[in-house]
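> As they're listed, the protein sequences go chains Y and P. Going by my numbering, the first residue of the first sequence is number 133, and it counts up by one from there. Going by my numbering, the first residue of the second sequence is number 1257, and it counts up by one from there. Below you will find the structure I want to go over with you.
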Amino acid sequence: MNLARLAQHFIARELRERYRGSFTGFGWALLQPLLQLAIYAFVFVHVFKARVPGADAPGYVPFLVVAMWPWVAFSDALVRATLAIQDNAPLIGKVALPRELLVLAPCAASFILHIGGFVAIVLVLAVAGTPIHLLHLPLALLLYLPLFVLAFGLALGLAALQVFVRDLVQILGQLLMLFMFAAPVFYARENLPERWQGWLDANPFTFYAEAFRALLLGYGDIGLRALAIACLVAVLAFFAGRALFRRLDPHFEDFL
Amino acid sequence: MSEVLLDTRGLGKSYPRSHRSSDRLRALARLLLKRADADAHRVLHDISLEVRRGESVGIIGENGAGKSTLLKLVTGVLTPTTGSVAVRGEIGALLELGAGFNPEYTGRDNVAMAAALRGISGKALAERLPAIIEFADIGDYIDEPVKHYSSGMVVRLGFAVIASLRPDLLITDEVLAVGDESFQRKCVRWMEDYLEGGGTLLLVSHSMYHIQKLCRRALWLRDGTVAAFGDVFEVTQAYLAWHEARSAPRESAATRAGLEFSVGPLALNGADGEAAPLLDIGSPLHVRAEVDSRDGRLPVLMVGIVRADGTPVYGVSTEMDRLEVAADADGRLHADIGFDALPLLPGSYSVRVHVLDPEGVRLFDTRERDFVVRGESREFGLVRLSHRWRGVRERSS
């Protein structure tokens, strides 16, 4: 069996099906984060009068955009992939196949869609006159690679556990909310009292939020050590998730 | 001997008990710690089976005997708890309803998925798709989500996919039971053609007709173990006999003491005892028993043959034949009747002898004994009626 071709098939089907039946089709992939962004921009800019700290700080909207888009890709991938095994129960009970693919498909589809949205909105911002380093965009896209590996690894573990613990996905929704607020997505590290700032590094997403801003907005900088640690964490998460998945894989059928 | 396509050794499967969510958590912890499950429900135990290329094996047994579990183990969908499965060549499996179709996707999407899972996509799929759609013959439903299909349509589509793949080993589970007459015929014809072309078949069915028509060997599963494995006619007949005997109502033995008329144990073809004699189709049957009359009046005798499930085949009495029992030289009465050439088809039967009062109104006593008719026959029903075809000739092949 040609694994790559099969993966391609699963991802293509996932993409096609995700927006079938929705009124806006693929447009929803762009529309949904845009709407979310509009709400946050209104609340933070006009209600809370949020400002990004620093002398040459970017506007709040681009500041939010470049960190929130990767977060949306990451969390969307996790939530959808967690249900992948449970939702494909009819297939699992009837056909022998490499089941990692069932988790890979929603994960990859989420990233593809949201990376598309990310590129589009960065271009929109650039056209609107925001000072964005467009030349760094390819580098920024490379950052999605370790983020994807991290998400896929976590998703493998979560999807396997979801078969046994059915309320995992509800808990996950709450946890993701917590992790979003515990990462510098809506605020900068400098907004925090000094003694809390170090704790941000315990959140794996902190690196990505700050790295995207450093690359595209020139706000802060990427430490090579931080990059190396992020890659290492992603690889470890992948192998740990895969090990858990493979341990539980033979028993899925018994519990679905 | 041709190559072995499927080889299972000491195959067993236990399902964990998981009724409450706490069971699931405990199971998860146990799996992570690699502990054995103490509280598992064993559905299949010690199955050793070898299937060679070109063979056709029917799997029969009651509901819950483990047939579907066995197929799932063979296809690799389930992981065995004990023992091993070795499969050579490509498997095409149609397990229960649907070939793993996702109900939300259209028939066309599901066909593409099923084909992709077997390594066919793009151009090769585009070439086969028209043939698949034609075989399934479900019209415009092909572009509807599978959840709108009837169960017959799901099976049609599933079978069409498998048929186009022509796997080395074809595994089907109760596929024929769901389709309508014409689709059943189409499937059976296709399977016969597939077998003639050297295909290998593992068929689960409750229809002994289909099993006997398509398979040369049969495996009878009972409570998760092999009850019998061998020639299809022997195994299916043993299975049917067991089934019939099980579903027959059990009569409570009437007390014979003090009856005005009673009948003694039956001797069949001269054999006493309880064992069920084996007869061939068309062989004679002789029934003899002693009859006792307390006051010397002559009873009416009745003899009947029923199939093991209680279906009456034939019954006759001395009164109907305008006869009367007569005492022998010692003054004893006998029920004694012979059937010269019993035209019963293979299966389990019982012969019953009843004694009635001289008026033929009140039943006093009954004796019963089983016998088995054996032989190879694909005929239907209970008896072989004598017949003659016209406008026919010997088949050339």
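Where a beta carbon is used, it is the ideal one built from N, C-alpha and C, also for glycine.
Using a Cβ cut-off of 7 Å (strictly closer), state whether Leu1287(P) contacts chain A.
Among the protein chains in the structure shown, which are Y and P, there is no chain A.
> Name the DSSP bridge partner or partners of Thr1622(P)?
In DSSP, Thr1622(P) forms a bridge with His1610(P).
> From which residue to which residue does the beta strand (DSSP E) around Ser1573(P) run?
Its beta strand (DSSP E) spans residues 1568-1573.
> If distances are taken between C-alpha atoms only, which option among Leu1432(P), Thr1337(P), Ala1532(P), Arg1502(P) comes closest to Val1299(P)?
Cα-wise, what sits closest to Val1299(P) is Thr1337(P).
> Would you mind working out which of Gly159(Y), Ala182(Y), Arg148(Y), Ala136(Y) sits nearest Asn323(Y), comparing C-alpha positions?
The shortest C-alpha separation from Asn323(Y) is found at Ala182(Y).
> Taking 7 Å as the threshold (beta carbon to beta carbon), is Gly1322(P) in contact with chain Y?
Chain Y, which has no Cβ nearer than 7 Å to the Cβ of Gly1322(P), makes this no.
> Compare the Cα-Cα distances from Pro1423(P) to each of Tyr1450(P), Arg1544(P), Gly1526(P) and report the closest residue.
Nearest option by C-alpha distance: Tyr1450(P).
> Using the Cβ count rule (16 or more neighbours within 10 Å means buried), how would you classify Met1447(P)?
Flag for Met1447(P) reads buried.
> Of the residues that make up the region 1536-1569 of chain P, which ones have a beta carbon closer than 7 Å to any beta carbon in chain Y?
Residues passing the 7 Å Cβ filter: none.
> Which of the three DSSP states, helix, strand or coil, is assigned to Arg148(Y)?
It is helical.
> Using a C-beta cutoff of 7 Å, does Phe377(Y) count as contacting chain P?
Judged by the 7 Å Cβ criterion, Phe377(Y) is not in contact with chain P.
> Hey, does Tyr1405(P) have any beta-carbon neighbour from chain Y nearer than 7 Å?
No, its Cβ sits nowhere closer than 7 Å to a Cβ of chain Y.
> DSSP on Val1343(P), reduced to helix/strand/coil?
DSSP places Val1343(P) in strand when its eight states are reduced to three.
> Ordered along the chain, which non-local residues of its own chain (more than five positions away) have a Cβ less than 7 Å from that of Leu1421(P)?
Answer for Leu1421(P): Gly1348, Arg1374, listed in chain order.
> Determine, using beta carbons only, whether Ser1377(P) comes closer than 7 Å to chain Y.
True, the Cβ-Cβ gap to chain Y drops below 7 Å.
> Whose C-beta lies closer than 6 Å to the C-beta of Phe1357(P) among residues of the same chain, with five residues either side of it excluded?
Closer than 6 Å at Cβ, skipping near neighbours: Asn1366, Val1402.
> Report, in whole angstroms, the separation of the C-beta atoms of Thr214(Y) and Val301(Y), which I expect to be a contact under 8 Å.
With a Cβ gap of about 5 Å, Thr214(Y) and Val301(Y) count as contacting.
> When the cut-off is 7 Å and only beta carbons count, does Leu147(Y) lie next to chain P?
Leu147(Y) does not count as touching chain P.
> What's the call for Pro1359(P), buried or exposed, on a 16-neighbour Cβ count within 10 Å?
Label assigned to Pro1359(P): exposed.
> Are Tyr1656(P) and Asp386(Y) closer than 7 Å when you measure CB to CB?
Chain P is shown only over 1257 to 1653; residue 1656(P) falls outside these bounds and no answer can be derived.
> Could you tell me whether any Cβ in chain Y is nearer than 7 Å to the Cβ of Tyr1450(P)?
False, the Cβ-Cβ gap to chain Y never drops below 7 Å.
> Quick one: grab the DSSP three-state call for Pro1272(P).
Note: Pro1272(P) maps to strand in three-state DSSP.
> Measure the C-alpha to C-alpha separation of Leu236(Y) and Val198(Y) and round it to an integer number of angstroms.
Looking at the two C-alpha atoms, the distance is approximately 25 Å.
> Roughly how many angstroms separate the alpha carbons of Thr1264(P) and Ala221(Y), rounded to a whole number?
Approximately 26 Å, taken between the alpha carbons.
> Starting from Val1411(P), follow the alpha helix (DSSP H) in both directions and report where the run begins and ends.
Unbroken alpha helix (DSSP H) run through Val1411(P): 1407-1421.
> Taking only three categories from DSSP, how would you classify Ile1376(P)?
If DSSP states are grouped into helix, strand and coil, Ile1376(P) belongs with coil.
> Rounding to the nearest angstrom, what Cα-Cα distance links Ala1510(P) and Arg1473(P) in this structure?
Interpretation of Ala1510(P) is limited by its pLDDT of 44, a score under 50 that renders its predicted location unreliable; the figure taken from the coordinates is listed afterwards. Those two C-alpha atoms are separated by around 42 Å.
> Let me check understanding here. Comparing Cα to Cα, which of Pro1599(P), Thr1574(P), Ala1483(P) lies closest to Asp1592(P)?
Comparing Cα positions, the closest option is Thr1574(P).
> Pick out whichever of Ala341(Y), Leu233(Y), Leu349(Y), Leu290(Y) has its Cα sitting closest to the Cα of Phe359(Y).
It should be pointed out that residue 359(Y) corresponds to Leu in this sequence rather than to Phe. The option with the nearest alpha carbon to Leu359(Y) is Ala341(Y).
> Cys1471(P): which of Ala1483(P), Arg1478(P), Leu1458(P), Asp1479(P) sits nearest, CA to CA?
When only C-alpha atoms are compared, the closest one is Leu1458(P).
> Measuring CA to CA, which of Leu1262(P), Ala1371(P), Pro1599(P) is closest to Arg137(Y)?
For the residues Leu1262(P), Ala1371(P), Pro1599(P), the minimum Cα distance to Arg137(Y) belongs to Ala1371(P).
> Between the alpha carbons of His383(Y) and Glu1259(P), how many angstroms are there, rounded?
Their backbone Cα atoms lie some 31 Å apart in a straight line.
> Return the chain-ordered list of same chain residues with a C-beta closer than 7 Å to the C-beta of Tyr1654(P), the five sequence neighbours on each side being excluded.
Nothing can be reported for residue 1654(P), as the shown portion of chain P is limited to 1257 through 1653.
> Where DSSP assigns a beta bridge to Glu1456(P), which residues make up the other side?
First, the amino acid is wrong: residue 1456(P) is Thr here, not Glu. Answer is Leu1425(P), bridged to Thr1456(P).
> Rounded to whole angstroms, what is the Cα-Cα separation between Val1609(P) and Gly1520(P)?
Their backbone Cα atoms lie some 9 Å apart in a straight line.
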